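Chains as they are written, first to last, in our numbering: chain D, 129 to 423; chain S, 10 to 360. Where is the CB? At the ideal position from N, CA and C, for every residue including glycine. Please read these numbers as outputs of a predicted model, since none were measured by experiment.
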Amino acid sequence: MTVSFAAAVLSSSIVSGTSLFYAASGELVGERAGVVNLGLEGLMLIGAAEGVAAASLSGNPYVGVAAAGLACLLANLIFGFLVIERRANQLATGLSLMFFGFGASALIGRAFVGALVPGLPRIAAAGLGPFDIVVWLVVPTALLLWGLLFRTRWGLALRAVGEDPAAAFAAGRRPKLIQFQALALAGFLAGVGGAHLSVGLTQTWDEGMTSGRGFIAIALVIFSKWNPLWLIAGALVFGGAEALQLQLQARGADVSPFLMTMVPYLLTLMILAFWGWSRRSVAPAALGRNYFGVE
Amino acid sequence: MPRDLDLALIAPVRLAFRRCAPRAIVIAAIALAAFALVLVIDGKDPVRAYRDTLLYVFGNAYGFSELMVRMTPLLMTSLAVALPSRVGLINVGGEGQLYMGAWLATAGALSFPQLPSWLLLPLMAVLGFAGGALWALGPALMRAAKLVNETISTLLLNYVAPLIVSYFIFGPWRSAESGAYPQSPAFVAAARLPSFAGTRIHPGFLFGLVCLTIYGVAMIRTRWGLEMRAIGGNAEASLRLGIPVSRTMIVAMTLAGGMAGVAGMAEVSAIQGRLVASLSPGYGFIGFLVAWLAGGSAIGIVIMAFLFAVVSSVGDILQITQGTPYAVINLLMALVLFIVLGQRNLTGGAR
């Protein structure tokens, strides 16, 4: 194992971890407000397809990323309408959103299969990189989200809604509005994550190209204890499993990529079991429950 | 008609048909109209697509029989969700349990190719059951020990199971004749479930119906069913009444996993004839939605599974006649679900 190998793995973990980070940070904001969204995989696919479509039509990759964010924001508002306004079951609605994403992304991306879109320009700095702007924005985004959640009144209200919406309402907050705001932000971030995969990495659209990353991102939220700063470390670990496997394969090492891909899932499960054993629950208390109060 | 039988079987059927069937038709109509709009925007002809589907599905016996084929795995994966839901457990892991069932059944088929069919098929079914059951046992034990919530653990394991399958078909079981899409060697004839006269309907369909019937009756007519419903209603109170809560939860979850596992066994044995990576187009997830839409009722599951079978055949027809990617059909499925989920009166109370 040489230095160049370690550097290659690290750089590749950062790149693979980026789309995971954005998708997971969106999920984190939603879950902090008490809404679990199993449709993240579908959202990321919509982001990836929309990103390629918009980048291809406009010729500008930044337009692609922004359009992907907006498309997913809108898709997540459909989800929000069902779970918040219509009080539908969050798990069932999330899975429905996943299927919606499978279908919508196939439809959006169909005209762009095989098209190569302009990629995001890459910048090298501080001996790292070259990475594109979305990668460079990971740490600022994490800090911003942390500040938003833990150092603003809005963040306090959002977390209160995630713990006990009725109490938050009694304290003069509007749980439904806050959940909608959280889901809009979550959708945008998931769209950026999906678009980074297509516009930032492969520069093409391929049906089902997220291949389970949306679910890894959900595991990642748990792994990082619903904290945006831990999310950076988590994204590196989860992205690292993917990167290590690619680098080992490229060097002809005889390690099954499938066994390596399992590691993050099993690791998350073990960590969860450990928390359960030590009785340290950190999940938002009202996660997955519908708020039946008035507003 | 004895009153007991009426309560157990006829009344729920009548109720299900009166409530569920009209609902399914209205939902399907709205969703088809919305999906038609999507197709028109995409420059396709929805009238032609729907007419082709109707002609194919209801116009000839083979097309209709294909609906049963599509329903088969859904019957079992939705039972795998409905059963634990009675004790208040949420099993989102049908997909993974199906893959593990298929995997262990394949291990049986590849290890004992010399066995006669009457011995090999039951062995594979038992192995399929065991594979799914073991995959659900872990989450059940962790839940019973209050370590990890079963929703999260079953969800995570969904992604591990296909990786195990991929490891084997890319590695030890890789067939020499497989090209770009690795697969296991083809099963011997004795390891293939027979199908009925010229169709692809296999005994798995009957098995699914029988299991659903047993489930429906057992829930109402047995002490065990009553205990399960009591636990689902209030686990704490049930525990104080002396009902073995943890044990019942573990058994329900394990049986459920086994059911999904048998669905996997039936897919490889009857439909694929070998283990492939793309074994299921999300049968486990669709099963969750079917069970949830049916509110856990056995008859409701059959009706909703039928609805989803029709939806997926629309996808096939669109792909064949108008070149639309098959994945687009997920949009129709999602529209159906969104409409149902948006009906507050029907779903608001049922969590």
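Inter-residue Cα distance where the pair is residue i and residue j
i              : j              : result
residue 304(D) : residue 289(D) : 9 Å
residue 257(S) : residue 73(S)  : 39 Å
residue 357(D) : residue 79(S)  : 45 Å
residue 344(S) : residue 288(S) : 25 Å
residue 297(D) : residue 210(S) : 55 Å
residue 399(D) : residue 139(D) : 26 Å
residue 386(D) : residue 107(S) : 18 Å
residue 174(S) : residue 183(D) : 37 Å
residue 10(S)  : residue 319(S) : In this prediction, residue 10(S) scores a pLDDT of 45, lower than 50, which makes its location untrustworthy; no coordinate-derived value is stated.
residue 359(S) : residue 258(D) : With a pLDDT of only 40 at residue 359(S), under 50, the local geometry of the prediction cannot be trusted, and the value read off the model is given with reservation. Looking at the two C-alpha atoms, the distance is approximately 51 Å.
residue 388(D) : residue 146(D) : 19 Å
residue 184(S) : residue 172(S) : 17 Å
residue 202(D) : residue 208(S) : 44 Å
residue 213(S) : residue 354(D) : 43 Å
residue 331(D) : residue 314(D) : 24 Å
residue 180(S) : residue 191(S) : 9 Å
residue 366(D) : residue 141(D) : 8 Å
residue 179(D) : residue 322(D) : 8 Å
residue 332(S) : residue 207(D) : 29 Å
residue 376(D) : residue 134(D) : 11 Å
residue 125(S) : residue 202(S) : 12 Å
residue 49(S)  : residue 55(S)  : 7 Å
residue 359(D) : residue 241(D) : 32 Å
residue 151(D) : residue 294(D) : 28 Å
residue 278(D) : residue 164(D) : 20 Å
Within chain S, the residues that residue i reaches when beta carbons sit closer than 8 Å
i              : result
residue 387(D) : 172, 176
residue 440(D) : Summary: the structure shown does not reach residue 440(D), with chain D confined to residues 129 through 423, and so no result is reported for it.
residue 350(D) : 161
Under 7 Å by beta carbon: chain S residues contacting residue i
i              : result
residue 271(D) : Under the 7 Å cutoff, chain S gives no residues; its nearest Cβ is about 28 Å from residue 271(D).
residue 232(D) : 340
residue 441(D) : No statement about residue 441(D) is possible, as the shown extent of chain D runs from 129 to 423 and does not include it.
residue 172(D) : Result: empty, since nearest Cβ-Cβ is about 14 Å, beyond 7 Å.
residue 181(D) : Those do not exist, as residue 181(D) stays about 13 Å from chain S at its closest Cβ, beyond 7 Å.
residue 326(D) : Those within 7 Å of residue 326(D) in chain S number zero; the least Cβ separation is about 16 Å.
Buried versus exposed, by CB contacts within 10 Å (16 or more), residue i
i              : result
residue 251(D) : exposed
residue 71(S)  : exposed
residue 75(S)  : buried
residue 245(D) : buried
residue 413(D) : exposed
residue 31(S)  : exposed
residue 69(S)  : exposed
residue 364(S) : Nothing in the structure corresponds to residue 364(S), since chain S is present only between 10 and 360.
residue 333(D) : buried
residue 356(S) : Since pLDDT at residue 356(S) reaches only 39, below the 50 mark, its modelled position is unreliable, and the value read off the structure follows with that caveat. Classification of residue 356(S): buried, given that the 10 Å Cβ count is 16 or more.
residue 341(D) : buried
residue 317(D) : buried
residue 405(D) : exposed
residue 303(S) : buried
residue 379(D) : exposed
residue 354(S) : For residue 354(S), the pLDDT reaches just 48, beneath the cut-off of 50, and the residue's location in the model is therefore unreliable, leaving the point undetermined.
Within chain D, the residues that residue i reaches when beta carbons sit closer than 7 Å
i              : result
residue 93(S)  : Simply none; closest approach about 13 Å.
residue 51(S)  : 235
residue 99(S)  : 219
residue 1(S)   : Summary: the structure shown does not reach residue 1(S), with chain S confined to residues 10 through 360, and so no result is reported for it.
residue 168(S) : 340, 343, 393
residue 320(S) : The premise fails here: residue 320(S) is roughly 10 Å from chain D at the closest Cβ pair, so nothing lies under 7 Å.
Chain-ordered neighbours of residue i on chain D, where CB pairs are closer than 8 Å
i              : result
residue 351(S) : 209, 210, 214, 216
9 Å Cβ cut-off: residues of chain S touching residue i
i              : result
residue 396(D) : 161, 165
residue 347(D) : 161, 164, 165, 168
Residue i: contacting residues in chain D (beta-carbon distance under 9 Å)
i              : result
residue 151(S) : 397, 400, 401, 404
Any non-hydrogen atom of the ligand COA closer than 7 Å to residue i Cβ
i              : result
residue 229(S) : In terms of ligand content, the structure shown is empty, and the ligand COA therefore cannot be addressed.
TODO: Spell out a yes or no on whether the segment 138 to 153 of chain S and the segment 369 to 384 of chain D are touching, meaning 3 or more CB-CB pairs, one atom from each, closer than 8 Å.
DONE: Under the 8 Å Cβ criterion, the segment 138 to 153 of chain S does not count as touching the segment 369 to 384 of chain D, having fewer than three qualifying pairs.
Open item on the list: Any contact between the segment 33 to 42 of chain S and the segment 267 to 282 of chain S? By contact I mean 3 or more CB pairs, one from each, below 8 Å.
Closed with: Taking 8 Å as the limit for Cβ pairs, the verdict is that the segment 267 to 282 of chain S does not touch the segment 33 to 42 of chain S.
TODO: Assess, as a yes-or-no matter, whether the segment 96 to 114 of chain S is touched by the segment 234 to 243 of chain S under the definition of 3 or more beta carbon pairs within less than 8 Å.
DONE: Taking a cut-off of 8 Å for Cβ pairs, the segment 234 to 243 of chain S and the segment 96 to 114 of chain S touch, as three or more such pairs fall below it.
Task: Secondary structure, alpha helix (DSSP H): runs of 4+ residues fully inside the segment 166 to 190 of chain D - done: Counting only runs of 4 or more, we get 168 to 186.
- [ ] Ignoring anything shorter than 3 residues or poking outside the segment 180 to 262 of chain S, list the beta strand (DSSP E) runs there in chain order.
- [x] Listed in chain order, there is nothing to give.
- [ ] Taking only runs that begin and end inside the segment 295 to 339 of chain D, name each unbroken alpha helix (DSSP H) of 4 or more residues, in chain order.
- [x] Fully enclosed alpha helix (DSSP H) runs of 4 or longer: 303 to 323.
TODO: Would you check if there are 3 or more beta carbon pairs closer than 8 Å linking the segment 265 to 281 of chain S to the segment 210 to 220 of chain S?
DONE: Segments in contact, yes.
Open item on the list: Tell me whether the segment 160 to 168 of chain S and the segment 131 to 142 of chain S touch, counting them as touching only if at least three CB pairs, one residue from each stretch, are closer than 8 Å.
Closed with: Verdict: no, contact absent.
Open item on the list: Tell me whether the segment 56 to 65 of chain S and the segment 187 to 205 of chain S touch, counting them as touching only if at least three CB pairs, one residue from each stretch, are closer than 8 Å.
Closed with: No, because fewer than three Cβ pairs between the segment 56 to 65 of chain S and the segment 187 to 205 of chain S fall closer than 8 Å, the two stretches do not touch.
TODO: Return the chain-ordered ranges of every beta strand (DSSP E) run that is complete within the segment 38 to 117 of chain S and spans a minimum of 3 residues.
DONE: Counting only unbroken stretches of 3 or more residues, no beta strand (DSSP E) element lies wholly within the segment 38 to 117 of chain S.
Open item on the list: If contact is defined by three or more beta carbon pairs under 8 Å, each pair taking one atom from either stretch, is the segment 190 to 205 of chain D in contact with the segment 219 to 234 of chain D?
Closed with: Flag = yes, the segment 219 to 234 of chain D and the segment 190 to 205 of chain D touch.
TODO: Taking 8 Å as the threshold, find out whether the segment 291 to 310 of chain S comes into contact with the segment 193 to 202 of chain D through three or more Cβ pairs.
DONE: Result no; under three Cβ-Cβ pairs closer than 8 Å.
Open item on the list: Under 8 Å, with one C-beta from each stretch per pair, do the segment 336 to 350 of chain S and the segment 227 to 236 of chain D reach the 3-pair mark?
Closed with: Pairwise C-beta distances place the segment 336 to 350 of chain S in contact with the segment 227 to 236 of chain D, as three or more of them are shorter than 8 Å.
Task: Minimum length 4: unbroken alpha helix (DSSP H) runs contained in the segment 190 to 276 of chain D - done: Counting whole runs of 4 or more residues, the segment 190 to 276 of chain D contains the alpha helix (DSSP H) stretches 218 to 237, 261 to 264.
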